[in-house]
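Colleague: Sharing a structure below in structure tokens format, with a few things to ask.
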Amino acid sequence: MNIKVSPSLLAADFARLGQELKEIEAAGADMLHLDVMDGVFVPNISFGMPVIASLRKVSSLYFDVHIMITDPIRYIDDLAKAGADGVTFHLEAAEDVGAVIDRIHDRGMKAGLTLRPGTPVERLLPYLPRLELALVMTVEPGFGGQSFLPEMMDKVSAIRQSAEALGKGELLLQVDGGVDRSTAGACGAAGANCLVAGSAIFGKADYRGEIAAIRAAAQGG
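So the sequence shown is numbered by my numbering: it starts at 2 and just counts up by one.
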């Protein structure tokens, strides 16, 4: 299985973001995970369109934007203008999930959908035919550095099985939260092919080594 690694910007050194992006790109990152939080849907605030637009000027990485905001359809146009390549939103935050997926596609971006850990995976499965990415959160969204919830691997397996049944083997099935070289194997074994890692990469001495170790562990799993 081809495993993609998406380092999470939240764990980067914000005093040197441009350089951090160049370093993870050179180290073999496949994409950059950008968490946009509004302080309402989740109890934290991160960054918004100006930061994404500024980083877009200095990076050719795929911008994998995860929005943890209420009424997400309001921001799809702005995300497209800022340079997002894909937008993943929370099912619980949208009044009309299908309309948000349509807006993302209409603006030329890939659509992803995710759930809080306590939301049943069955709520996501009907949307799989229309998605390029499904994200399984293995922590409660809003803060980095939380512990990995291994029971979420059942969700990963359910989504992978459903995707295969639909003939969507190319679906990016992403895991976010507590991912490192010790948990990546379980993610790969369950069917994930895209791993988000923050503190497991940023802040370490060897970005290339950490990215390679996470990828290898997932492939081994």
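Beta carbons are placed, not taken as given, at the ideal position from N, Cα and C, and that holds for glycine.
If we count the other Cβ atoms within 10 Å of its Cβ and call it buried at 16 or more, is F15 buried or exposed?
Modeller: With fewer than 16 Cβ atoms within 10 Å of its Cβ, F15 is classed as exposed.
Colleague: Check V43 in the structure and name its three-state DSSP category.
Modeller: Coil at V43, not helix or strand.
Colleague: Locate the beta strand (DSSP E) running through K5, then write down its first and last residues.
Modeller: K5 -> beta strand (DSSP E) spans K5 to P8.
Colleague: How should K82 be labelled, buried or exposed, when 16 other C-beta atoms within 10 angstroms of its C-beta is the threshold for buried?
Modeller: Counting Cβ neighbours within 10 Å, K82 comes out exposed, since fewer than 16 surround it.
Colleague: Per DSSP, what kind of secondary structure is S203 in: helix, strand or coil?
Modeller: According to the sequence shown, residue 203 is Phe rather than Ser. Looking at F203 - three-state DSSP - the assignment turns out to be coil, as it is neither helix nor strand.
Colleague: Rounded to a whole number of angstroms, what is the C-alpha to C-alpha distance between L114 and G221?
Modeller: Near 26 Å, if we compare the C-alpha coordinates of G221 and L114.
Colleague: Run through DSSP, which three-state label would M2 get?
Modeller: If DSSP states are grouped into helix, strand and coil, M2 belongs with coil.
Colleague: Alpha carbon to alpha carbon, how far is L125 from T71?
Modeller: Roughly 18 Å separates the two Cα atoms.
Colleague: Assign S183 to one of two classes, buried (16 or more other C-beta atoms within 10 Å of its C-beta) or exposed (fewer than that).
Modeller: Per the 10 Å Cβ criterion, exposed.
Colleague: Under 8 Å: do the segment 202-212 and the segment 3-13 share three or more Cβ pairs, one atom per stretch?
Modeller: Contact between the segment 202-212 and the segment 3-13 is present, because at least three Cβ pairs lie under 8 Å.
Colleague: Go ahead and pull the three-state DSSP assignment for F90.
Modeller: F90 falls in the strand class under three-state DSSP.
Colleague: Evaluate R75 with the Cβ neighbour count: other Cβ atoms within 10 Å of its Cβ, from every protein chain shown; 16 or more gives buried, anything less gives exposed.
Modeller: So R75 counts as exposed.
Colleague: Considering V157, what are the terminal residues of the alpha helix (DSSP H) in which it resides?
Modeller: Element bounds for V157: M154 to A166.
Colleague: Quick one, are the C-beta atoms of I68 and V37 less than 7 Å apart?
Modeller: The answer is yes: Cβ separation under 7 Å.
Colleague: Compute the distance between the beta-carbons of E92 and L116, then report whether it is under 7 Å.
Modeller: Here residue 92 is Leu; the residue named in the question, Glu, does not match the sequence. A contact, by the Cβ cut-off of 7 Å.
Colleague: Does the beta carbon of F203 fall short of 6 Å from some heavy atom of the ligand NAP?
Modeller: In the structure shown, the ligand NAP is absent, as is every other ligand, since no ligand is present at all.
Colleague: Where does A54 fall in DSSP's three states?
Modeller: It is helical.
Colleague: How would you write the range of the alpha helix (DSSP H) that I105 sits in, first residue to last?
Modeller: Unbroken alpha helix (DSSP H) run through I105: V98 to D107.
Colleague: Measuring straight from C-alpha to C-alpha, what distance separates I53 and A217?
Modeller: Taking the straight line joining both Cα atoms gives about 29 Å.
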